[in-house]
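Working notes, structure below.
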Amino acid sequence: MNNRIVYITIMSWLSFLQAMSQTAEPSVYLGLEVLKPVIASVDRGYVFEPSVSYKLKDETVLRVVLGKTVVNRYGVLSNLDYQADGYYVKAGVGRRIRNFFEPNVSLGYSAFTETGKTKFSGPYYGDWVSTLKQRQQLLFTEVQINFWIKISEKIYIVPNVRMVYLLQRPNEALFPTYYVPGAGHVLFEQFLDSNTDTLPKSSILTGGISVNLLYKIF
Amino acid sequence: LYSSHVFEFIKKVCMKKIRILLSVYAVISLMMACSGCYEDDCNGTDTEPSVVIYVERPAAYTYAYGVKDRVEAIPMSSYGVSVPLSLRQNKTTICFMTPGGRIDKLSVTYTRQPVAESLKCGVRLYVLDIRVIEPTTFNRVSIVDNQIYINNE
């Protein structure tokens, strides 16, 4: 199932790259994600996500996204101070319809380190903070619908909704994975608020919204 | 006579309210008792664990203490002493003070293993594989089930 998705995404890319080579005057856009940094700042983190988009004459859009994310959250478990810190890359292809809608499918790779810190009290000798680390490398696929809103001749605001499917399950040997850079939250608040005797398991399906600011170079 | 009238008045007027208050108190007490049981479900520890040291002749010592920046005496009991282990390092040195001012020393090493247990309990700590570091001033020291037995005769 997973291999089939990767195969279809790669073949789509190759066919559209071929189409691009046969088409003159592609438009090139530089983009920057502007909503995720605001959301991440609530979790004492940041997101830097630039992108490059090629739009062909037939409205096909090829996009490459690079990203760096740091997300923090206290209380993923009752006493665990969690941090996800990593990089990701996404390559996608879509088609713009009526200069507004753009369904897009992409393949992503995320490499990140999760750190879980717990403070143990030491009334006699002093406190100790234990640090657990998990390193992750995950492939995921993403379906997006972008909405191109023209602000000026060169500037677009592009809000989007996305659904992400992790092709590999995170390694949760030490503690549950809360966030996958590039994909989003994989543990949800309603599970974290409940007081359970078991460890929560991350979901392989997630989603969200974001807003890109695009600048047309040519 | 006056006080008995007051008592009767309180009894008639307030008895219903007192019953309600007592019921609420009973329910809250039960809830607190249950929440106490709930907390105990967690395994591992969230603070310094203690190691029990059984001493053959505990009266030979006035007190014990774990080595740190200042001496904080831990009184001896009829079986020996229960001493906290340091979490800041994987080693603790315990001193035993005799009435004559002599100090016997015992150092132990161990593994600190944090384990994510559950959403409610979070990460708990296990101290495993306690071992005695030689040399020690005691003739014979043995460890059984993370409990230390000292022969000081």
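As you go down the protein sequences, you meet chains R and D in turn.
Each position in the first sequence, counted from 1, maps to that position plus 865 in our numbering.
Each position in the second sequence, counted from 1, maps to that position plus 406 in our numbering.
Each residue gets a CB set at the ideal place from its N, CA and C atoms; glycine is no exception.
Every value quoted in this text rests on a predicted model; they were computed, and no experiment measured them.
Subject >> Test: residue 1040 of chain R CB closer than 8 Å to a CB of chain D >> reply: Contact with chain D is found for residue 1040 of chain R, since one of that chain's Cβ atoms lies less than 8 Å from the residue's Cβ.
Original post:
Are the CB atoms of residue 918 of chain R and residue 1078 of chain R nearer to each other than 8 Å?
Top reply: With respect to residue 1078 of chain R, residue 918 of chain R sits apart: the two C-beta atoms are not nearer than 8 Å.
Original post:
Does any CB atom of chain R fall closer than 8 Å to the CB of residue 490 of chain D?
Top reply: With its beta carbon less than 8 Å from one in chain R, residue 490 of chain D belongs to the interface.
Original post:
If you run the structure through DSSP and keep just helix, strand and coil, what is residue 1005 of chain R?
Top reply: Looking at residue 1005 of chain R - three-state DSSP - the assignment turns out to be strand.
Subject >> Contact set between the region 520 to 536 of chain D and chain R, restricted to residues whose Cβ is under 7 Å from the partner >> reply: Within the region 520 to 536 of chain D, the residues whose Cβ lies closer than 7 Å to any Cβ of chain R are, in chain order, 520, 522, 524, 525, 526, 527, 528, 529, 531.
**OP:** Give a yes or no on whether 8 Å exceeds the smallest Cβ distance from residue 493 of chain D to chain R.
**Re:** Closer than 8 Å to some Cβ of chain R, the Cβ of residue 493 of chain D qualifies, so yes.
**OP:** Kindly indicate which residue of R:898, R:1035, R:977, R:925 has the alpha-carbon position closest to the one of residue 912 of chain R.
**Re:** Shortest Cα-Cα distance from residue 912 of chain R to any of R:898, R:1035, R:977, R:925 involves R:898.
**OP:** Please work out which residues of its chain come closer than 6 Å, Cβ to Cβ, to residue 443 of chain D, disregarding the five sequence neighbours upstream and downstream, and give them in chain order.
**Re:** Low per-residue confidence applies at residue 443 of chain D: pLDDT is 45, beneath 50, and the placement is therefore not dependable, though the value from the model is reported in the following sentence. There are no such residues.
Original post:
When we look at the beta-carbon of residue 920 of chain R and count the other beta-carbons within 10 Å, is it buried (16 or more) or exposed?
Top reply: Buried, because 16 or more other Cβ atoms sit within 10 Å of the Cβ of residue 920 of chain R.
**OP:** Compute the beta-carbon to beta-carbon distance between residue 553 of chain D and residue 532 of chain D, rounded to the nearest angstrom, for a pair I have assumed lies under 8 Å.
**Re:** Residue 532 of chain D and residue 553 of chain D do not touch by the CB rule: their CB atoms are close to 16 Å apart, not below 8 Å.
**OP:** For residue 967 of chain R, write down the residues that DSSP places opposite it in a beta bridge.
**Re:** When beta bridges are read from the DSSP output, residue 967 of chain R appears opposite R:1011.
**OP:** Throw me the rounded Cβ distance for the residue 939 of chain R and residue 976 of chain R pair, which I believe falls under 8 Å.
**Re:** About 24 Å; that fails the 8 Å criterion.
Subject >> For residue 1035 of chain R, three-class secondary structure by DSSP >> reply: Three-state DSSP puts residue 1035 of chain R in coil, outside helix and strand.
**OP:** Reducing DSSP to helix, strand and coil, say where residue 441 of chain D ends up.
**Re:** Any reading at residue 441 of chain D is ruled out, since the residue's pLDDT is 46, under 50, leaving its predicted position unreliable.
Original post:
Taking one C-beta from the region 965 to 974 of chain R and one from the region 1001 to 1017 of chain R each time, how about it: are there three or more such pairs within less than 8 Å?
Top reply: Contact between the region 965 to 974 of chain R and the region 1001 to 1017 of chain R is established, with three or more Cβ pairs separated by less than 8 Å.
Subject >> CB-CB length for residue 1031 of chain R against residue 1003 of chain R, believed under 8 Å >> reply: The pair is a contact, with the Cβ atoms about 6 Å apart (cut-off 8 Å).
**OP:** Report the rounded CA-to-CA distance for residue 1064 of chain R versus residue 466 of chain D, giving the unit in angstroms.
**Re:** Here the alpha carbons of residue 466 of chain D and residue 1064 of chain R stand approximately 48 Å from one another.
Original post:
Taking Cβ positions, are residue 462 of chain D and residue 540 of chain D nearer each other than 8 Å?
Top reply: Against a cut-off of 8 Å, the Cβ pair of residue 540 of chain D and residue 462 of chain D comes out as no contact.
**OP:** Please name the residue in R:925, R:1044, R:1067 whose C-alpha comes closest to that of residue 910 of chain R.
**Re:** Looking from the CA of residue 910 of chain R, the closest CA among R:925, R:1044, R:1067 belongs to R:1044.
Subject >> 6 Å CB neighbourhood of residue 954 of chain R in its chain, flanking five on each side removed >> reply: 931, 974, listed in sequence order.
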